Each structure stands twice: as C-alpha cells, then as structure tokens.
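**Q**
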Amino acid sequence: MSATVSVFASPSSWIESGALDQCHQVAALPGMRHVAGMPDLHPGKGAPIGAAMTSSVLYPFLVGSDIGCGIAVFPIRLKRPVPEKLAARFPDLDVPDHSFFDEADVPAGWTDSLGTVGRGNHFAELARVGTVFDAEHAARLGLSAGDLVLIVHSGSRGLGERILRAHTEAHGAGPAADPQAYLAAHDDAVRWGSLNRRVMAARVADALGAAAEPPIVDECHNSVEVRDGLYLHRKGAARGDGRDVLVAGTRGTPSFLVAAHAGAEAGFSVAHGAGRKMSRADALRRGKVKHTVEELRRTAVGSVVVCGDRQLLFEEAPGAYKRIEQVIGDLVTHGLATRVVSTVPLVTYKTAGVPPIASRRRSGRGPQSLATTP
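Below you can see the structure in the form of structure tokens.
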C-alpha cells in the first residue's frame, strides 16, 4: 500500500503535475509512510523538490547530491551602503581562499571548494530588513527595519555528490545498504555545508570592510534525520519544528524570515524558497525574448546582480520562480509558519564568471550533477 501524500498549497497556488506525480511515485516506494509537499513543490531529478518524505527505509537519492545545502543569515554592519559600489567589492566566490579556515577542522578533510558558492540557484546576497511583522521575535534575533543582513545559500559542493555517487554506483536508487555508514558521511556533508556558508560570509564581510559575525539563522534543506525510529528525508524543505528559517524569494523580490512550527503531517518541515515555475531551458528561451543581459543585472527592487555567466542570468531570472508571497501565504494559512521580517536585496552575487569546463568537472558540476538543485 502506498504512503499518504499531503500538499500544503492553496487551490490558487500552481503546482506542476509532474511534481505531484513524483510525490506519488515516492509514496509507492517500499517502507514509505508519508510524503509532505510544500507550497514551493516542483519536479526534481528523480524526486520532488520541496518535499519531506518519511520512511522506514533510508533512500539516499531522496536527499540528492547537494547534502547539507541550506540558507544562513548573518548580521552585517556597513555605513551608507551603495549597491553599485558594494557589488564591485564582492570577492570572487568561485575560487577558494584558504586563509579563512583552518584545514584541520574541515569535515571529511574536503577543502577543494570550501568558501565557494557553487552554481545554479546558490547565491550570496546583501539585503536590508524591510517589513517587521513580529517586532518581539525580530528583537530576539537582533533585527530591526533597515538593518543589513548577509544571506548565503549554498551546500556541500562536490562532497555531497561524491557521497551519493558512491551509493548509486553500487545500489542505484535503492536503499542504503549500510544506513549508519551513509548517515556518518551525510553528517560530515551537513557540517561542511554549514562551515562553507560561514566561510563565505567571512570572506564577503572582510571584502566589504565589516566584521564577520555568527549567523542568526542557519538551516539545512537537503538532509535526512532519524525521527521516532523512521527516516525523515528532506529535499528542498527546511526543518520546521520550532526553527527560524529564511525562505528565499528571488534576486528581484523579497525573502521572508519565518518562525516555523510545522507538525508531523507536514513532515516537521517548511518551504525553503519560492520554487521554480519554469525549467532552466524555458527560462533561458523566454528570457532572451523579454530581456537584455543588462536589464537582468538590475532588478525591479533596485538591487544589483553580480553574475558573469549570461546563461545563468536568464535561468535564474525572477520570472522563472513562483511568487514568494504566495508560498509564504500558504505556509501561514496552513499553520506551518509565522512571518517575522522580510528582507529586500541590495546586491546578489551569483558568480564572477564562467569557469572552464575542466574546472566544472573537478568541482562535481558536470551535466549529470544534481548539486545545482535546491
């Protein structure tokens, strides 16, 4: 018998049929108990993105290759922030800088890509706190309207892909033969992803002339945990059991920091972002008809986009994503989260340029990689 499936989206929210099909395909897997789809649900490579999936069996492919991917929020203090000037000072986050970490303390000893943002939907963003919805909660986090924050979205780069590849080469999309061994490697990748976000924040703060500060929010959205004797897989879904979570909008729209309070029916999870409504190919094709490259480097909210890869500019255009306000509204309506503050982009860093093909292969970003998905 298939597991139950619940999707936490309102009737007015568009959910692609392919994503719903993937939810039901996952629900039919042996040992699966429940699949919870978030309002940002969309199709992924082999499994839905924006889902929490509970099973008595551990399936590594449900987590994907970017184990430990998440979003962290760091306070940053700057005088008179001018987006154009700050954009020019961002460091090259495509190239590691080993001066910002102690190699002895790096999980799994994986130093190759530490301190780099990666490709796809990953970013580092300087933003300003916009609307404060819950002043008391915001104050506990040290946030007020007008404050600056640095938001970093990235994961485990090639490490998570190496872990998944070791499994799939032997077992394909089947269960983990040795769950404890997989979990140990998984936990290294989760720690690595969190460290990576901190290293990047320190690099950006240093380049902008600010002091590095610890994150006020850092939540992973590609992971698996053992809960009540079952495996709770999350792919593009953040922990929602009493956590503060930054639900990312786009480079041209606000993001929302929420207090999450999701229960078992939602897999103790909340959405992690706006969720794609177009494939990358469609976004590229349609975007080239509607926009020039220069238009995409300045957003509707007046922010600046640092991205030397023209194709990526189109693939990640704001119009390729669902409306973040709808996603947040669905979370609130279903009782999964409460708004705390919104953040408005000033500078969004995607990539300094287009790396050589050989470099992409070394970093695990080849055409078969799943690491560019949320």
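Residue numbers (the working numbering): 88 to 461.
For every residue, glycine included, the Cβ atom is placed at its ideal position computed from N, Cα and C.
Owing to the predicted nature of the structure, the values given are computational and were not obtained by experimental measurement.
Can you check which of these residues, 299, 300, 422, is closest to residue 355 by C-alpha distance?
**A** Comparing Cα-Cα distances from residue 355 to each of 299, 300, 422, the minimum goes to 422.
**Q** Less than 8 Å between the CB atoms is what I'm expecting for residue 405 and residue 340, so what's the real figure, rounded?
**A** Sure, about 6 Å apart at Cβ, within 8 Å.
**Q** So for residue 386, helix, strand or coil by DSSP?
**A** Of the three classes helix, strand and coil, the one that applies to residue 386 here is coil, per DSSP.
**Q** State the Cα-Cα distance for the pair residue 104 and residue 211, rounded to the nearest angstrom.
**A** Straight-line Cα distance between these residues: approximately 31 Å.
**Q** Just to confirm the assignment, what range does the beta strand (DSSP E) spanning residue 421 have?
**A** Here residue 421 belongs to no beta strand (DSSP E), and DSSP marks it neither H nor E.
**Q** Taking the straight line between their C-alpha atoms, what separation do you get for residue 119 and residue 89?
**A** Residue 119 and residue 89: Cα-Cα distance of roughly 7 Å.
**Q** On the criterion of 16 or more Cβ atoms from any shown chain inside 10 Å, does residue 101 qualify as buried, or is it exposed?
**A** By the neighbour-count rule (16 or more Cβ atoms within 10 Å), residue 101 is not buried but exposed.
**Q** Can you tell me whether residue 164 is helix, strand or coil according to DSSP?
**A** Here residue 164 sits in coil by DSSP.
**Q** Need the endpoints of the beta strand (DSSP E) that residue 190 sits in, please.
**A** Premise fails: residue 190 is in no beta strand (DSSP E) and is neither H nor E.
**Q** Kindly confirm or deny that the stretch 298-307 and the stretch 373-393 touch, where touching means at least three C-beta pairs closer than 8 Å.
**A** At 8 Å Cβ cutoff, the stretches do not touch.
**Q** Could you compute how far the alpha carbon of residue 248 sits from the alpha carbon of residue 336?
**A** Distance between the alpha carbons of residue 248 and residue 336: 26 Å.
**Q** Near residue 517, which residues of its chain fall below 6 Å by C-beta distance, leaving aside the five closest residues on each side in sequence?
**A** No information on residue 517 is available, as it lies outside the stretch 88 to 461 that the chain covers here.
**Q** Just tell me which of 136, 239, 373, 362 has its CA closest to the CA of residue 290.
**A** Here the closest residue by C-alpha is 239.
**Q** Ends of the alpha helix (DSSP H) at residue 180?
**A** Here residue 180 belongs to no alpha helix (DSSP H), and DSSP marks it neither H nor E.
**Q** Nearest to residue 147 by CA position, among 161, 373, 268, 368, is which residue?
**A** Answer by Cα proximity: 268.
**Q** Run through the DSSP bridge pairs and tell me what residue 429 is partnered with.
**A** For residue 429, which the question treats as bridged, DSSP gives the partners 343.
**Q** Using beta-carbon positions only, say whether residue 324 and residue 348 come within less than 9 Å of one another.
**A** In this structure, residue 348 does not lie closer than 9 Å to residue 324 by Cβ.
**Q** So who's on the other strand from residue 309, going by DSSP bridges?
**A** Residue 309 pairs with 322.
**Q** What does the Cβ neighbour count give for residue 382, buried or exposed, with the cut at 16 atoms within 10 Å?
**A** Exposed, because fewer than 16 other Cβ atoms sit within 10 Å of the Cβ of residue 382.
**Q** Could you check if residue 164 is buried or exposed, using at least 16 other CB atoms within 10 Å of its CB as the buried criterion?
**A** It counts as exposed.
**Q** Helix, strand or coil: which one does DSSP assign to residue 204?
**A** Residue 204 falls in the coil class under three-state DSSP.
**Q** To the nearest whole angstrom, what separates the beta carbons of residue 250 and residue 342, a pair I think is in contact under 8 Å?
**A** Residue 250 to residue 342, Cβ: 29 Å. No contact.
**Q** Kindly indicate which three-state DSSP category residue 436 falls into: helix, strand or coil?
**A** In the structure shown, residue 436 sits in a strand (DSSP, three-state: E or B).
**Q** With 16 other CB atoms within 10 Å as the buried threshold, where does residue 432 fall?
**A** Label assigned to residue 432: buried.
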